[in-house]
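Chains as they are written, first to last, in the numbering used here: chain A, 34 to 229; chain B, 34 to 229.
Comments concern the structure below.
Protein chains: 2
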Amino acid sequence: MPVPKGSTIDPARTRAAILEAATPVLYERGLDGIGVAELCERVGVSKETLYRHFGTKNGLVEAMLEARSRQRNAWLREAARAAGDSPAARLSAVFDALQDWYTEPEFRGCSMVNAATQHHEPAVRSITARHLDGYLALLKEIALDAGAEDPDLLAEQLLILLEGATVVAAHHDPRRAGRHARAAALTLLEASNRGS
Amino acid sequence: MPVPKGSTIDPARTRAAILEAATPVLYERGLDGIGVAELCERVGVSKETLYRHFGTKNGLVEAMLEARSRQRNAWLREAARAAGDSPAARLSAVFDALQDWYTEPEFRGCSMVNAATQHHEPAVRSITARHLDGYLALLKEIALDAGAEDPDLLAEQLLILLEGATVVAAHHDPRRAGRHARAAALTLLEASNRGS
DNA sequence: CTCAGATCGAACCGATCGGTACGACCGAGA
DNA sequence: TCTCGGTCGTACCGATCGGTTCGATCTGAG
């Protein structure tokens, strides 16, 4: 039961429950692919409650994207951290985690990129840009630890591979994109400090 | 004057004019970001005419995507062809052309990928998949001419770079994505036949 | 000149959209 | 026990959606 019936019990709990329940629905159907009425039905909450917590549908969307961005960044960071100290192993772990994600049946690409593709509003675009900043920071740490000659360049190239693999997996080949991107990433990593 | 007033003059001309005028509007606003009424206004045609030529809004969208896909594939192919025989030069030309595109003010990512992100219908998804097939074929030709050990692998890695650069350009950094992807592509190309 | 067909513009359709209002209910704190 | 605030369910709002219809107008073919 996501939302307990009547309650002063816990104002913030309701908000969190709505957010959690709405996330997969909005991801599956697309931000404009479902109306507020049906969304409330699927989430198990009344329109009044949803609107008191988030003001507008867009308010819910933005809150959902912020949370989702944090989750995905933490998830990828954890995958890298668990792989140990070696930059190559951490980079491999990142793309292995992505490959696992691509083959999940609900996979539909990156929520933030999808959102920014559909909505041109600055708020959504800014969330997406910051989301990519987060990925870029992780990749740059790996590039630095690997002793890359130009860590910023390598990090952005790895980001291009990451997002490219996600797009290709969503629209062309979900079974190989992650593996192929991993191999490419390792090649770039190796080539990046050939002179050292 | 895109569409001459009354006319048996040329039924197919009208269709082509609608397609051509609708393409940039749908690209700028998004497929669901504009209604049929406003779309007709911008195109300069009545609803009846549009519906007679395309049946439904989705019919127009699909026809537009088919045409756009052919155009983009031809455009990229021509950029490669004009660069001469060297695989590296052709590959560079591809990413240089993309970089030019990214910095156009109207740039909003790949129409086909954007469309498939918004509409889950099989027809649209299939157009997008075939669009990526076209890119993949071009990249594989280059990989083959370069004597790559595994041309299929290299081609898909290059496709990942191509689409990744497009996504990163659209949502993060339109000024550098193409250049960085080109450098990465050349590195992969060089590494692909290191044993030969 | 007449006819057929392509087009326009506007009215119209039912459905759905995001968002609001209201009466009833419930549960915790005083 | 009473109050207060979060919640539900439903009805409702105006706007817009995709799509249809119709009479008027224009043009090229016969």
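Heads up, the beta-carbon is just placed ideally off N, CA and C, and yes, glycines get one too.
So, using beta-carbon positions, are B:A187 and B:A176 closer together than 8 Å?
-> Here residue 187 of chain B refers to the residue found at position 154 when the second sequence is read from its first residue. Here residue 176 of chain B refers to the residue found at position 143 when the second sequence is read from its first residue. Note on residue identity: the sequence assigns Leu, not Ala, to residue 187 of chain B. Contact: yes.
Residues of the region 151-171 of chain B whose Cβ lies closer than 9 Å to any Cβ of chain A, in chain order = Q151, H152, H153, R158, T161, A162, H164, L165, D166, L169
Alpha carbon to alpha carbon, how far is B:T41 from B:R75?
-> By one-based count along the second sequence, residue 41 of chain B stands at place 8. By one-based count along the second sequence, residue 75 of chain B stands at place 42. Interpretation of B:T41 is limited by its pLDDT of 49, a score under 50 that renders its predicted location unreliable; the figure taken from the coordinates is listed afterwards. The straight-line gap from Cα to Cα measures roughly 23 Å.
Ignore the nearest five residues each way along the sequence and tell me which others in A:G63's own chain have a CB closer than 8 Å to its CB.
-> Here residue 63 of chain A is taken as the residue at index 30 of the first sequence, counted from 1. Cβ within range, chain order: N147, Q151.
Using a C-beta to C-beta distance shorter than 7 Å, which residues of chain B count as neighbours of A:R224?
-> As a working note, residue 224 of chain A is residue 191 in the first sequence. Contrary to the premise, residue 224 of chain A reads as Ala rather than Arg in this sequence. Those are T220, A224, listed as they occur along chain B.
Roughly how many whole angstroms lie between the Cα atoms of A:Y168 and A:L59?
-> The residue given as residue 168 of chain A occupies position 135 in the first sequence. The residue given as residue 59 of chain A occupies position 26 in the first sequence. Using only the alpha carbons, I get a separation of about 22 Å.
Give me the Cβ distance between A:D171 and A:A113, rounded to the nearest whole Å; I'm assuming they're in contact under 8 Å.
-> The residue given as residue 171 of chain A occupies position 138 in the first sequence. The residue given as residue 113 of chain A occupies position 80 in the first sequence. Reading off the sequence, residue 171 of chain A comes out as Leu, not Asp. Rounded, the Cβ-Cβ distance is 6 Å, consistent with contact.
Would A:G197 pass as a contact of A:A214 if the rule is Cβ separation under 8 Å?
-> What you label residue 197 of chain A is simply residue 164 of the first sequence in a count that begins at 1. What you label residue 214 of chain A is simply residue 181 of the first sequence in a count that begins at 1. Their beta carbons are under 8 Å apart, which means A:G197 touches A:A214 by this criterion.
Apart from the five residues on each side of it in sequence, which residues of its chain come closer than 7 Å, Cβ to Cβ, to B:V162?
-> Taking the second sequence and counting its residues from 1, the one referred to as residue 162 of chain B is at position 129. In the sequence as presented, Val is not what sits at residue 162 of chain B; that position holds Ala. Hits under 7 Å: none found.
Should A:D33 go down as buried or exposed, given a rule of 16 or more other Cβ atoms within 10 Å for buried?
-> As displayed, chain A neither begins before 34 nor continues past 229, which places residue 33 of chain A out of reach and without an answer.
From A:A130 to B:A50, what distance separates their C-alpha atoms?
-> Reading the first sequence from its first residue, position 97 is the one you call residue 130 of chain A. Reading the second sequence from its first residue, position 17 is the one you call residue 50 of chain B. Whole-angstrom Cα-Cα distance: 47 Å.
C-alpha distance - B:T220 paired with A:L221, whole-angstrom precision | Here residue 220 of chain B refers to the residue found at position 187 when the second sequence is read from its first residue. Here residue 221 of chain A refers to the residue found at position 188 when the first sequence is read from its first residue. Taking the straight line joining both Cα atoms gives about 7 Å.
By the criterion of Cβ-Cβ separation under 9 Å, what are the contact partners of A:H204 in chain B?
-> Counting from 1 along the first sequence, the entry for residue 204 of chain A is found at position 171. Chain B residues near A:H204: M145, V146, A149, T150, R158, T161, A162, H164, L165, E196.
Cα-Cα separation, B:G68 to B:K80 | Translated into positions along the second sequence, residue 68 of chain B becomes position 35. Translated into positions along the second sequence, residue 80 of chain B becomes position 47. So the alpha carbons of these two residues sit roughly 11 Å apart.
For B:F140, which three-state DSSP category applies?
-> Position 107 of the second sequence holds residue 140 of chain B. B:F140: coil per DSSP, three-state reduction.
Would you please verify whether the beta carbon of B:G180 is less than 8 Å from any beta carbon of chain A?
-> Position 147 of the second sequence holds residue 180 of chain B. Judged by the 8 Å Cβ criterion, B:G180 is not in contact with chain A.
Consult DSSP for B:H152 and reduce its assignment to one of helix, strand or coil.
-> Working through the second sequence from its first residue, we reach residue 152 of chain B at position 119. Coil at B:H152, not helix or strand.
Whole-angstrom C-beta distance between A:P120 and A:A179, which should lie under 8 Å = Taking the first residue of the first sequence as 1, we reach residue 179 of chain A at position 146. Taking the first residue of the first sequence as 1, we reach residue 120 of chain A at position 87. Correct: roughly 4 Å between the Cβ atoms.
Confirm, please, whether the CB-CB distance from B:V157 to B:L83 is below 8 Å.
-> Along the second sequence, read from residue 1 onward, the residue named residue 83 of chain B stands at position 50. Along the second sequence, read from residue 1 onward, the residue named residue 157 of chain B stands at position 124. Going by C-beta atoms, B:L83 is not nearer than 8 Å to B:V157.
Out of curiosity, what's the CA-to-CA distance linking B:S159 and B:M145?
-> For the purposes of this step, residue 159 of chain B is taken as residue 126 along the second sequence, with counting starting at 1. For the purposes of this step, residue 145 of chain B is taken as residue 112 along the second sequence, with counting starting at 1. Answer to the nearest angstrom: the Cα atoms are 10 Å apart.
Looking at chain A, which residues of the region 62-79 of chain B have a Cβ within less than 7 Å of any of its Cβ atoms?
-> G63, D65
Helix, strand or coil: which one does DSSP assign to A:E174?
-> Within the first sequence, residue 174 of chain A is the residue found at index 141, counting from 1. In the structure shown, A:E174 sits in a helix (DSSP, three-state: H, G or I).
Note down, in chain order, every chain A residue with its Cβ under 7 Å from the Cβ of B:R101.
-> On the second sequence, position 68 is the one that residue 101 of chain B refers to. Going along chain A, no residue has its Cβ under 7 Å from B:R101, so there is no contact; the nearest lies around 15 Å.
Please name the residue in A:A45, A:A203, A:C143, A:V78 whose C-alpha comes closest to that of A:Q104.
-> Working through the first sequence from its first residue, we reach residue 104 of chain A at position 71. Closest option to A:Q104, Cα to Cα, is A:C143.
Alpha carbon to alpha carbon, how far is B:A224 from A:E223?
-> One-based indexing of the second sequence puts residue 224 of chain B at position 191. One-based indexing of the first sequence puts residue 223 of chain A at position 190. Straight-line Cα distance between these residues: approximately 10 Å.
Within chain A, the residues that B:G142 reaches when beta carbons sit closer than 8 Å = Numbered from 1 along the second sequence, position 109 holds the residue referred to as residue 142 of chain B. The answer, in chain order, is T150.
Compute the Euclidean distance between the alpha carbons of A:H164 and A:N106, then round it to the nearest angstrom.
-> Residue numbering aside, residue 164 of chain A sits at position 131 when the first sequence is read from its first letter. Residue numbering aside, residue 106 of chain A sits at position 73 when the first sequence is read from its first letter. So the two alpha carbons sit approximately 8 Å from each other.
Could you run through the region 182-193 of chain A and flag, in chain order, every residue whose CB is less than 7 Å away from some CB of chain B?
-> L186, E189, Q190, L192, I193
Would you kindly check if the distance between the Cβ of B:T56 and the Cβ of B:R85 is under 8 Å?
-> Counting from one through the second sequence, the residue named residue 85 of chain B turns up at place 52. Counting from one through the second sequence, the residue named residue 56 of chain B turns up at place 23. The answer is no: Cβ separation not under 8 Å.
Beta-carbon spacing of A:A5, A:A210 below 8 Å = Within the shown structure, residues of chain A are numbered from 34 to 229, placing residue 5 of chain A beyond reach of any answer.
Quick one: list the residues of chain B neighbouring A:A54, beta-carbon separation under 8 Å, in chain order.
-> Within the first sequence, the letter at position 21 stands for residue 54 of chain A. In chain order: nothing, as chain B lies at least about 21 Å away.
Classification of A:H153 by the beta-carbon crowding that lies within 10 angstroms, buried from 16 upward = Here residue 153 of chain A refers to the residue found at position 120 of the first sequence. A:H153 comes out exposed.
Is the CB of B:R105 under 8 Å away from at least one CB in chain A?
-> As a working mapping, residue 105 of chain B is identified with position 72 in the second sequence. False, the Cβ-Cβ gap to chain A never drops below 8 Å.
Output the distance between the C-alpha atoms of B:E111 and B:D183, rounded to the nearest integer angstrom.
-> The residue labelled residue 111 of chain B in the question sits at position 78 within the second sequence. The residue labelled residue 183 of chain B in the question sits at position 150 within the second sequence. Their Cα atoms are separated by approximately 25 Å.
Cβ neighbour criterion (16 or more within 10 Å) applied to B:T199 | In the second sequence, residue 199 of chain B corresponds to position 166, counting from 1. It counts as buried.
Min CB distance B:R215 to chain A below 8 Å = Locating residue 215 of chain B in the second sequence gives position 182, counting from the first residue. Chain A contact via Cβ: absent.
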